[in-house]
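Accompanying notes for the structure given below.
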Amino acid sequence: MFTIAVLRKAPSPANYPPRRRFLAGAAPTFTGKAKYGTSSKPWAIDEHSPIPVDMEDPQTSATPAPPRCFNCKKLQTEFPKLLMRCVKCRTALYCSLECQKADWKSHKPTCHLAGSAPPPNPPQGPTARHNPGFQAMNDMFGLSNDDFLHDRPEGEVFNLLIDSFRMRVEDESVYGGNTIGVYNGENTLPLFKKFLSLAESRQKLLPTWWSSVERGECERLAESGSQWSDINCAVEKSEIQDHYNDNLMPMKMRILAEKIYGKGFM
């Protein structure tokens, strides 16, 4: 396990972001039940497909081919908006609801089958750089299969995403020298939405039941202020350890966030 020794400059009391204190060792509370189904409508489209995001490195393929609508075959470059994904297999791309309905008869036999699963994440762009020890920690914690969020209740997945984002904002401030979100006094929700959009662009990271509906619930929960996991409150490593009763949880969250952003914070 690698160790990072960094001198931290304490922010002035006037500028220090809010923190929510709980008793040490308090167990996390999760809401909701696991969902294993998908939309009952075969033509439901995920409206939160990957969108251009400032500062983050988008995924790039070694031999990129322009995406195109599975029905009308028009290229992405011919449309003002990004193509939308089928919410079941997250592979088929469509320019409109009408095109997806028209293609459903052909697409249905292969939709959500193992053979039609999305390919592994392509390598990151040349400017992306992981933190030292990322690969070793990824293997050590059993996160190399990208299933850390799978087989968990809905509420637990929401909280892990929220707290992974909060941990990354903290790390960006402490180790990266980037004051963002609550450390900069700005609205944190747009940053969290970009975080979720990137998570949706990373194949297999999110559970199969994730859709635009669950995303909306996660966003509302993140800023509601009704629970410990709150994007408007800063968090430290020790607080994550106490809340989850797991000394390794901060590292797991850092690995998850690094997978989502495609790069480290240093």
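Heads up, the sequence shown is in the working numbering, so the first residue is 105 and it goes up one at a time. Where is the CB? At the ideal position from N, CA and C, for every residue including glycine.
- Judged by DSSP in its simplified three-state form, Y279 adopts coil rather than helix or strand.
- In terms of Cα proximity to R306, the closest of N175, A326, G285, L253 is L253.
- By a beta-carbon distance limit of 8 Å, M357 contacts D267. Their separation comes to about 6 Å.
- Counting every other CB atom within 10 Å of its CB across the protein chains shown gives L264 a total of 16 or more, marking it as buried.
- About 7 Å separates the beta carbons of I335 and L293, which is inside the 8 Å limit, making them a contact pair.
- Per DSSP, reduced to three states, the secondary structure at R172 is strand.
- In this structure, the beta-carbon distance from L295 to C322 does not fall below 8 Å.
- Per DSSP, R194 lies in no alpha helix (DSSP H) and is assigned neither H nor E.
- For R319, the uninterrupted alpha helix (DSSP H) segment begins and ends at 316-328.
- In the three-state reduction of the DSSP assignment, C199 falls in the coil class.
- By the C-beta density criterion, N351 is exposed, having fewer than 16 other C-beta atoms within 10 angstroms.
- When only Cα atoms are considered, Q180 and V273 end up about 33 Å apart.
- S333 and A326 have their alpha carbons spaced roughly 7 Å apart.
- When DSSP states are grouped into helix, strand and coil, R270 belongs to the helix group.
- Counting every other CB atom within 10 Å of its CB across the protein chains shown gives S210 a total below 16, marking it as exposed.
- When C-alpha distances from F262 are compared across N349, E182, V339, Q331, the shortest belongs to Q331.
- Taking the CA atoms as reference points, S277 sits about 7 Å from I284.
- In this structure, L309 keeps its C-beta atom at 8 Å or more from the C-beta atom of D346.
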